[in-house]
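Undergrad: Quick one: structure below, then a few questions.
Protein chains: 4
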Amino acid sequence: MVQGTANWSTEQNKEWLQEYVNDWVSFYRKHTDDGKVADYIPLLKEADPNLLGISIIGTDGMKIRSGDVSQSFTLQSISKVLSFIVACMTRGVTYILNRVDVEPTGEAFNSIMHLEMKGPKKPFNPFVNAGAITVTSMLEGNTSDEKMAPIYNLLEKMLGYRPVLNVDIYESERDSSMRNRAIGYYLLETGFLESDLNITLETYFKQCSINITVDDLARIGVILANDGEDPDTKTEIIPRQVARIVKALMLTCGMYDASGKFATYVGVPAKSGVSGGIIAVAPPRVREEELPFMSGCGIGVFGPALDERGNSIAGIRLLKHIASQWDLSVF
Amino acid sequence: MVQGTANWSTEQNKEWLQEYVNDWVSFYRKHTDDGKVADYIPLLKEADPNLLGISIIGTDGMKIRSGDVSQSFTLQSISKVLSFIVACMTRGVTYILNRVDVEPTGEAFNSIMHLEMKGPKKPFNPFVNAGAITVTSMLEGNTSDEKMAPIYNLLEKMLGYRPVLNVDIYESERDSSMRNRAIGYYLLETGFLESDLNITLETYFKQCSINITVDDLARIGVILANDGEDPDTKTEIIPRQVARIVKALMLTCGMYDASGKFATYVGVPAKSGVSGGIIAVAPPRVREEELPFMSGCGIGVFGPALDERGNSIAGIRLLKHIASQWDLSVF
Amino acid sequence: MVQGTANWSTEQNKEWLQEYVNDWVSFYRKHTDDGKVADYIPLLKEADPNLLGISIIGTDGMKIRSGDVSQSFTLQSISKVLSFIVACMTRGVTYILNRVDVEPTGEAFNSIMHLEMKGPKKPFNPFVNAGAITVTSMLEGNTSDEKMAPIYNLLEKMLGYRPVLNVDIYESERDSSMRNRAIGYYLLETGFLESDLNITLETYFKQCSINITVDDLARIGVILANDGEDPDTKTEIIPRQVARIVKALMLTCGMYDASGKFATYVGVPAKSGVSGGIIAVAPPRVREEELPFMSGCGIGVFGPALDERGNSIAGIRLLKHIASQWDLSVF
Amino acid sequence: MVQGTANWSTEQNKEWLQEYVNDWVSFYRKHTDDGKVADYIPLLKEADPNLLGISIIGTDGMKIRSGDVSQSFTLQSISKVLSFIVACMTRGVTYILNRVDVEPTGEAFNSIMHLEMKGPKKPFNPFVNAGAITVTSMLEGNTSDEKMAPIYNLLEKMLGYRPVLNVDIYESERDSSMRNRAIGYYLLETGFLESDLNITLETYFKQCSINITVDDLARIGVILANDGEDPDTKTEIIPRQVARIVKALMLTCGMYDASGKFATYVGVPAKSGVSGGIIAVAPPRVREEELPFMSGCGIGVFGPALDERGNSIAGIRLLKHIASQWDLSVF
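Protein chains in written order, with our numbering: chain A, 1 to 331; chain B, 1 to 331; chain C, 1 to 331; chain D, 1 to 331.
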């Protein structure tokens, strides 16, 4: 499908790419029937399972959007990326990584088993719930609002607007996520928490409940693709070292127990959430032929029907298809 | 240390790089005291723990070698990369990946626990022993020599010479590696083995016992960096899809239970063996400033003193240092 | 030491036994130095580690008491025996055992791992915390006081007085036992809890915090030894079937991960708590020679210095010594 | 059914008991349809699933036999009882129990997981395969026949004849039991084996393949019930301490992961094998009413149709029924 040495930034080629993405969104929308929306938080159950949308932003400024792009949804586990970035920026990478490891686990998204298996050791990585809650406890501030402030600030800096909390989802999570409360008490017992448990969990549920769109995810993604620098303004938003670590963690641990398969078959850093969102990051790459978004791009996908591993079923297939066709792999 | 827009391929810069690498090999050689040579195979114990050598080959033909480069050593777990490549090339990627998963485990190099934990499922990935032995059982041939032939052929194609078996090490492994025999019988019981167990284990111990040098590893690495194509002759040696999968597996599962840390802090696909060898692969990358080996390179390292995870202790530090300085990361 | 066909109930022999027990209490009191008091609940830390006391009551009415018998302490895990009995008496054995299994685990007293390992299955047995909290949730009543009432009633019926709550310990447990809260939320998530979590945990912490003495434990023990019938009044206090099940559970699961060793070397049903209490039950037994307490007895032991498994270090040795000498084993 | 103060040893009552047992054998024979014969060893598959037989021998000499009592079958896991007894008698209890623990596991009959979970520790107990193979390796002798000799000697002393090896079963086991070979190599690797692995496994498979009958099992059982002393000749065959430990292990670990349920609902030491045999031991007990076999008995059961845990499905039900009716429980 991709034509040799084309310059993909021309208006004509952009149209061509747009049509191409439209086609595949239509195609994969049918795949939503194979999955089902998350049901462990009551409000998430109400999502329309047939939605599918994608937004792609290149470091060169090219944008392709298709499908249900205007639908907002909550960050859920994608927020683990943001709280980890903020924690590293405020406490230092060393401080954080002394307390949370960076090893993948091969375990399911809802496992708490590994917490205990290695006994006195630290949580496996910042993208399992135990690790993410520990990271959240290391955010500065005495209330959940104080802890949330730097996350909102970072988002505002990246998105140009301040996203808002989905209060209904937040309250639903806060009142129903018993597994996270179990993990929280376990972390408290084992001495990992650095803030009051309730404030930590409030913060954690709030960060999960921020409303976002695929455009926002693509925008965050393109900044990460560009090593933390805003490609438009050329200003550093996230330190390069932090951006690099985050991309490595996304590749090794970002897709629950499908992380290895996603790394192998798609090969781009990505992080999913049970609301059906996925953020993917394609750093600039070298290829012999001219390919779309070669100088790097961020991708946001949304499709609330999930596979059994907790990833958007149509979203992951759409992403895999496009990433393969455009050879977005980091390898 | 790296100077802006220098063209690193000039003779003068090559000298400069060579000195630089020499300095760091000397520096990290002292770190060999922090580790110790593998002792679970009698003959490996005899290795000189103070050895340290590195070889780097760029896709552009530039070569840097330093330290104990003439020392040969056995492939050990690095051979898992080769048998997996050969199995994919002869049986097809789909056939192999239907039988062995590609998920990282977070487990130690000598664990057999995960084999059973997920019960009827397949071995976690081709780089844990259970997965590697399963892959070896899928090599074609009725004897271990027949099964080894395509591995030797592939090596000969890449290296320009046919490496030889270290018979002493092979016999030592064959007669002493009881854990692999345990895993083998377990795989037999659970129906994963596709060849006779003894022939499979013979083959497995033989592939582990092939003599190799850091130059050889660098040469294999640069071909993988170049997506399977020999950068000199421009001929395909390994299909691109296979090369990509191997690099993804190396990044997520290549360094035992330090894989996540290596991906996070170094960010290049790599595979280690308990003989003290490491192969690393830096695909071509895009950077604003001019950096050494930007068009990709392969790296071979050897240092038999190991850390507690089974990786060369000085080798991993040297690799981490150089990869950071030259920004070899795929992210 | 034991003299052939003596009738151990004569006054003279009673004195002889009393002296014997006194001697061994003095001897094993020195062993308290090998252990240390529980520290995971702040108030338990304040216990005097050198205390050691024992009380033995035979079905024939003979009583031997020695050491620190007047010291009261809290039931802690020994209360699991009582809540299980009450739950079986009010809801029926079948109802309870459909929801909690009766398999030993081999796991440590503070493990939560097994909860998840068998996934959808029920907690391993009523004497691991997950099982005990589940049992407590099945007690009838809408408040913790309502749920506690039948436990107090049963105790009053057995002891002749109504024991009281140690409010300080209760509040200390309630405010500090994060592991039990973790388990509680996990049980809530997985659907095992049959009452509100907070009320269940309040009840659980209250049952653990009932003040008791070694005389009380011996008295409860002798009723269990007598298959649930008060040996004095000949009235049934606990149905025989329930008494039998409890004794079987004590033998297989009563001493944390030393249960197998206690069954093997001592051979009597027993249950320990981290306050340092142990209740042991010797059913009537047949022996060729005449031995003390042959028609069965209950034993209460108290010694707050614990071994690493959470059992009273001197208490378990004293119990083992006496049980061996008098051949109390059920086997 | 049981009549007050009857003397069960009279001829008339014996007849009555015989009829009673006949009735229940007929009844439970229908339950064989709910199970299926072991299939992991080819020859075991050929057993007739509808067989059911029982033999009961009292310490007072009374014998009741019913059903398919003349059918011989192999000991399988029941042999773990015998090799453990012999090992304790020749090497001493302390020596053996320093190398194999006595904790129940809650794991299935074919698990190898626990071997590794506790890492450097010893096998959980002598009745899991890892523990039994370790025990067998501690038998004295340089060949499997030398190691088998004391087992045969012990059996001959108890049974009055020397049982024979089922050579076909032995060869079938030896050639097909890959899981045991996996465990064996694992034990070799971890240093638990005290004899050559092949000789150990040969011995292990031989002990499993001894032909036996329900009468033989009842005879062994009655000696254990009588604390190791032959009730007829009053001579000690097994030291009392060893007999006691074996009974404790049978109660806590004898019925695979149904051990806790069997202890709770039946309450007598028992050990099963996948050939469908069960040996049960009822020590003398004290009851108010006169009950059959009150002075203790041994029971042999055979029914090759197994439940999913590897226990004879009809055998376990028949045993449970009779043990409950006659109140054989040790508790």
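Virtual Cβ for every residue (Gly too), placed ideally from N, Cα, C.
The structure presented is a predicted model; accordingly, all values stated were derived computationally and were not measured.
Output needed for Asp227 of chain A: all residues of its chain with C-beta closer than 6 angstroms, excluding positions within five of it in sequence on either side, in chain order.
TA: The residues are Arg240 and Ala243.
Undergrad: Rounded to whole angstroms, what's the CA-CA distance from Ala258 of chain C to His31 of chain D? Just pull it up for me.
TA: Straight-line Cα distance between these residues: approximately 37 angstroms.
Undergrad: Does the Cβ-Cβ distance between Val274 of chain B and Leu52 of chain B come in under 8 angstroms?
TA: The answer is no: Cβ separation not under 8 angstroms.
Undergrad: What is the rounded straight-line gap between the Cα of Ile245 of chain C and the Cα of Thr264 of chain D?
TA: Ile245 of chain C and Thr264 of chain D: Cα-Cα distance of roughly 5 angstroms.
Undergrad: When you compare each of D:Thr233, D:Gly254, D:Gly58 and D:Val266 to Ala248 of chain C by their alpha carbons, which one comes out closest?
TA: The residue with the shortest Cα to Cα distance from Ala248 of chain C is D:Val266.
Undergrad: Taking CB distances under 8 angstroms as the criterion, tell me whether Arg179 of chain D reaches chain B.
TA: Yes, Arg179 of chain D lies at the interface with chain B (some Cβ there is under 8 angstroms from its Cβ).
Undergrad: What did DSSP end up calling Glu15 of chain C once you bin it into helix, strand or coil?
TA: Three-state result, Glu15 of chain C: helix.
Undergrad: Which value, in whole angstroms, describes the spacing of the CA atoms of Glu146 of chain C and Ile85 of chain A?
TA: Roughly 49 angstroms between the two C-alpha positions.
Undergrad: Could you name the residues of chain C that Leu251 of chain D contacts, counting a contact when the two beta carbons are closer than 8 angstroms?
TA: Neighbours of Leu251 of chain D on chain C, chain order: Leu251, Thr252, Ala263 and Phe331.
Undergrad: Straight-line CA distance for Leu306 of chain D to Gly131 of chain C?
TA: Whole-angstrom Cα-Cα distance: 29 angstroms.
Undergrad: Secondary structure at Ile183 of chain A, three-state DSSP: helix, strand or coil?
TA: The answer is helix: DSSP assigns Ile183 of chain A an H, G or I state.
Undergrad: From Asp168 of chain C to Val102 of chain D, what does the alpha carbon distance come to, in whole angstroms?
TA: Going from the Cα of Asp168 of chain C to the Cα of Val102 of chain D covers about 38 angstroms.
Undergrad: In angstroms with no decimal places, state the Cα-to-Cα distance between Gln71 of chain D and Asn13 of chain D.
TA: Looking at the two C-alpha atoms, the distance is approximately 27 angstroms.
Undergrad: With three or more beta-carbon pairs closer than 8 angstroms as the criterion, would you say the region 277-286 of chain D touches the region 286-299 of chain C?
TA: With the cut-off at 8 angstroms, the region 277-286 of chain D and the region 286-299 of chain C touch.
Undergrad: Determine, using beta carbons only, whether Asn125 of chain A comes closer than 8 angstroms to chain B.
TA: By this cut-off, Asn125 of chain A is an interface position.
Undergrad: Of the choices A:Glu290, A:Ile278 and A:Val330, whose alpha-carbon is the least far from that of Arg317 of chain A?
TA: Nearest option by C-alpha distance: A:Ile278.
Undergrad: If you reduce the DSSP assignment to three classes, tell me which class Ser329 of chain B lands in.
TA: Ser329 of chain B falls in the coil class under three-state DSSP.
Undergrad: From the DSSP output, which residues share a beta bridge with Asn211 of chain D?
TA: Looking at the DSSP assignment, Asn211 of chain D forms a beta bridge with D:Thr74.
Undergrad: What span of residues does the alpha helix (DSSP H) with Phe262 of chain C cover, start to end?
TA: Residues Ser259 to Tyr265.
Undergrad: Interface residues of chain D around Ala182 of chain B at Cβ under 9 angstroms?
TA: Correct list: Ile112, Arg181, Ala182, Ile183, Gly184, Tyr185, Tyr186, Leu187, Leu188 and Glu189.
Undergrad: Considering only residues of the same chain and omitting the five flanking positions on each side of Val21 of chain A, which have a CB-CB separation below 6 angstroms?
TA: Cβ within range, chain order: Ile64 and Ser66.
Undergrad: Please list, in chain order, the chain D residues whose beta carbon lies closer than 8 angstroms to that of Ile299 of chain C.
TA: What Ile299 of chain C touches in chain D: nothing, since even the nearest Cβ is about 16 angstroms away.
Undergrad: Indicate whether at least one CB of chain B lies closer than 8 angstroms to the CB of Glu103 of chain A.
TA: Yes, because at least one Cβ of chain B sits closer than 8 angstroms to the Cβ of Glu103 of chain A.
Undergrad: How close, in whole Å, do the beta carbons of Val37 of chain D and Pro231 of chain D come, if the pair is a contact with beta carbons under 8 angstroms?
TA: So it is not a contact: roughly 34 angstroms between Cβ atoms.
Undergrad: Looking at the structure shown, is Thr10 of chain C part of a helix, part of a strand, or coil, going by DSSP?
TA: Thr10 of chain C: coil per DSSP, three-state reduction.
Undergrad: Does chain B have any CB closer than 8 angstroms to the CB of Asp230 of chain A?
TA: For Asp230 of chain A, the answer is no, since every Cβ of chain B falls outside 8 angstroms of its Cβ.
Undergrad: When we look at the beta-carbon of Gly58 of chain A and count the other beta-carbons within 10 Å, is it buried (16 or more) or exposed?
TA: Buried.
Undergrad: How many angstroms separate the CA atom of Leu155 of chain B from the CA atom of Phe73 of chain B?
TA: Those two C-alpha atoms are separated by around 15 angstroms.
Undergrad: Is it a yes or a no for the region 188-203 of chain D touching the region 212-225 of chain D, going by three-plus beta-carbon pairs under 8 angstroms?
TA: Cβ pair count under 8 angstroms is below three, so no.
Undergrad: Taking a cut of 7 angstroms between CB atoms, which residues from the region 71-85 of chain B lie near chain A?
TA: So nothing in the stretch comes that close.
Undergrad: Who are the neighbours of Lys271 of chain C on chain D, taking C-beta pairs under 7 angstroms?
TA: Those within 7 angstroms of Lys271 of chain C in chain D number zero; the least Cβ separation is about 14 angstroms.
Undergrad: Hey, quick one: how far does the alpha helix (DSSP H) through Ala130 of chain D stretch, first residue to last?
TA: Asn129 to Ser137 is the extent of the alpha helix (DSSP H) around Ala130 of chain D.
Undergrad: Which of the three DSSP states, helix, strand or coil, is assigned to Val268 of chain A?
TA: Residue state, collapsed to three classes: coil.
Undergrad: Which word fits Gly4 of chain A, buried or exposed, when buried means at least 16 other C-beta atoms lie within 10 angstroms of its C-beta?
TA: Note on Gly4 of chain A: pLDDT 45, under 50, position unreliable in the model; the coordinate value appears next. It counts as exposed.
Undergrad: Using a Cβ cut-off of 9 angstroms, pull out every chain B residue sitting near Val286 of chain A, in sequence order please.
TA: Chain B residues near Val286 of chain A: Pro283, Pro284, Arg285, Val286, Met294, Ser295 and Gly296.
Undergrad: Check each candidate in A:Tyr186, A:Tyr185 and A:Pro123 and name the one with the smallest Cα separation from Asp98 of chain A.
TA: Reading the sequence as shown, one finds Asn at residue 98 of chain A and not Asp. When only C-alpha atoms are compared, the closest one is A:Pro123.
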